[in-house]
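In my numbering, the protein residues as written are 17 to 384.
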């Protein structure tokens, strides 16, 4: 959605989570979530890719400020931050955040297969990322990879977070993108073959990402605002359609039928349940949250992703045949909503798995 990105750049939204000291708007987590949900109400693909860009800035900025670093790491990180933030504020650069590799690494179960070897002046990277949103539009890819150390097995503790320019020699974008929904994200494959990046490409110091992943769980809930917005949009369309207010569908009102009224009532209940859990969860976001907040984040992610598609399903059924036409937005909302529960690292299944385990077991607790 290039036109949308031009508008967001003009409005300063690309720098939403860049700290004010670096010329950005300095938005906190909850503010980002509310902005993203509103964008998602109009275009899910724009909101989902906006998440990739803004959260790169958030992870390197606001979130990193909470993490433990040595004084030397902190000083060097300040230097690197200045470079990355300036690209966004001054040049309108777009950062993508390719995460998935087709295995368990994106779920946090094993080290990332994309590897980085330390060389003079920087890093040499080899590997592959799939579902790389913004693959045809990003200026930089914020790549999570594992440092390969001599005579040592790969470890999640050695995760690196490096910004790779799309023009870097050895980086290629390949494959088609023809999915059910979120089609405008253009999430193709990235191949890294001996790609060199300098030391100042670091978006976080060595080893700090692992600390973030274990201490700042809400960093993985940032996809959910998109689907909160989609749920709202599906409900809004249904109300307007039944009131005869959608251009091009005729002035006929369909609101007088009891079946329609009951369906809209059910949609409203689901929407309010979803929204209130969403609003509570985004306010919980912080480092080292209590167990109750972490469990609520899993519950919010699951509820938003599942209810967005259910509200869209009810919208299609309630509005009827014309709502399936591609000239109207509801069929796109329906297709986009179907994709949320599949997205790592917190798929709907993984959220339920973690909720079940963590409600019954304390950390480190095992059965005899």
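Positions of the beta carbon are idealized from the N, C-alpha and C atoms, including for glycine. Since this is a predicted model, take the numbers as computed values, not measurements.
Rounded C-beta distance between residue 108 and residue 165? I'm assuming under 8 Å.
Here residue 108 refers to the residue found at position 92 of the chain shown. Here residue 165 refers to the residue found at position 149 of the chain shown. Between residue 165 and residue 108 the Cβ distance is about 37 Å, and since that is not below 8 Å, they are no contact.
What are the boundary residues of the beta strand (DSSP E) that residue 165 is part of?
Against the chain shown, residue 165 aligns to sequence position 149. First-last for residue 165: undefined, no H or E at that position.
Thinking C-alpha only, which one of 156, 58 and 309 is nearest residue 234?
As a working note, residue 234 is residue 218 in the chain shown. Out of 156, 58 and 309, 309 has the C-alpha closest to the C-alpha of residue 234.
Kindly confirm or deny that the stretch 124-132 and the stretch 152-163 touch, where touching means at least three C-beta pairs closer than 8 Å.
yes
State the start and end residues of the unbroken beta strand (DSSP E) segment that holds residue 177.
Residue mapping note: residue 177 aligns to position 161 of the chain shown, counting from 1. Start and end: 175-181.
Going by CA-CA distance only, name the one from 323, 350, 322 and 321 that's closest to residue 335.
Taking the first residue of the chain shown as 1, we reach residue 335 at position 319. Taking only the C-alpha atoms, the option nearest residue 335 is 350.
Using only the alpha-carbon positions, how far apart do residue 214 and residue 327 sit?
Within the chain shown, residue 214 is the residue found at index 198, counting from 1. Within the chain shown, residue 327 is the residue found at index 311, counting from 1. Straight-line Cα distance between these residues: approximately 47 Å.
From the DSSP output, which residues share a beta bridge with residue 204?
On the chain shown, residue 204 is found 188 positions in, with the first residue counted as 1. The partner list for residue 204 (beta bridge, DSSP) reads 148.
In the DSSP output, what is residue 108 paired with across the bridge?
Counted from its first residue, the chain shown places residue 108 at position 92. According to DSSP, which records beta bridges pairwise, residue 108 is partnered with nothing at all.
Where do the N-terminal and C-terminal ends of the beta strand (DSSP E) with residue 190 fall, by residue?
Within the chain shown, residue 190 is the residue found at index 174, counting from 1. It spans 187-190 - the beta strand (DSSP E) in which residue 190 sits, taken as one unbroken run.
Measuring straight from C-alpha to C-alpha, what distance separates residue 331 and residue 105?
As a position in the chain shown, residue 331 is number 315, starting the count at 1. As a position in the chain shown, residue 105 is number 89, starting the count at 1. Straight through space, the alpha carbons of residue 105 and residue 331 are spaced by roughly 40 Å.
How about residue 155 and residue 182: are their beta carbons less than 8 Å apart?
Mapped onto the chain shown, residue 155 falls at position 139. Mapped onto the chain shown, residue 182 falls at position 166. Taking 8 Å as the Cβ cut-off, residue 155 and residue 182 qualify as a contacting pair.
Spatial neighbours of residue 48 within its chain, please: CB distance less than 7 Å, with the 5 preceding and 5 following residues excluded, ordered by chain position.
Counting from 1 along the chain shown, the entry for residue 48 is found at position 32. Same-chain partners within the cutoff: 32, 33, 70 and 74.
For my contact list, residue 321 and residue 203 are in at a C-beta cut-off of 8 Å; report their separation, rounded to the angstrom.
For this step, residue 321 is matched to residue 305 along the chain shown. For this step, residue 203 is matched to residue 187 along the chain shown. Between residue 203 and residue 321 the Cβ distance is about 17 Å, and since that is not below 8 Å, they are no contact.
Using 8 Å as the threshold, is the C-beta distance between residue 116 and residue 145 below it?
In the chain shown, residue 116 corresponds to position 100, counting from 1. In the chain shown, residue 145 corresponds to position 129, counting from 1. Yes. Within cutoff.
Give the DSSP-derived three-state secondary structure of residue 126 in the structure shown.
Indexing the chain shown from 1 puts residue 126 at position 110. Residue 126 falls in the coil class under three-state DSSP.
With contact counted as at least three CB pairs below 8 Å, one residue from each stretch, are the stretch 339-350 and the stretch 256-275 in contact?
yes
At the level of alpha carbons, what is the spacing between residue 95 and residue 54?
On the chain shown, residue 95 is found 79 positions in, with the first residue counted as 1. On the chain shown, residue 54 is found 38 positions in, with the first residue counted as 1. Cα to Cα, the separation comes out at about 33 Å.
Measuring only the C-alpha atoms, how far is residue 249 from residue 216?
Against the chain shown, residue 249 aligns to sequence position 233. Against the chain shown, residue 216 aligns to sequence position 200. One C-alpha to the other measures close to 41 Å.
Below 7 Å CB to CB, which residues in the same chain sit around residue 226 once its five sequence neighbours on both sides are set aside?
Here residue 226 refers to the residue found at position 210 when the chain shown is read from its first residue. Closer than 7 Å at Cβ, skipping near neighbours: 172, 173 and 175.
Would residue 297 pass as a contact of residue 281 if the rule is Cβ separation under 8 Å?
To locate residue 297, count along the chain shown from 1; it is residue 281. To locate residue 281, count along the chain shown from 1; it is residue 265. Taking 8 Å as the Cβ cut-off, residue 297 and residue 281 do not qualify as a contacting pair.
Run through DSSP, which three-state label would residue 56 get?
What you label residue 56 is simply residue 40 of the chain shown in a count that begins at 1. Helix, per DSSP.
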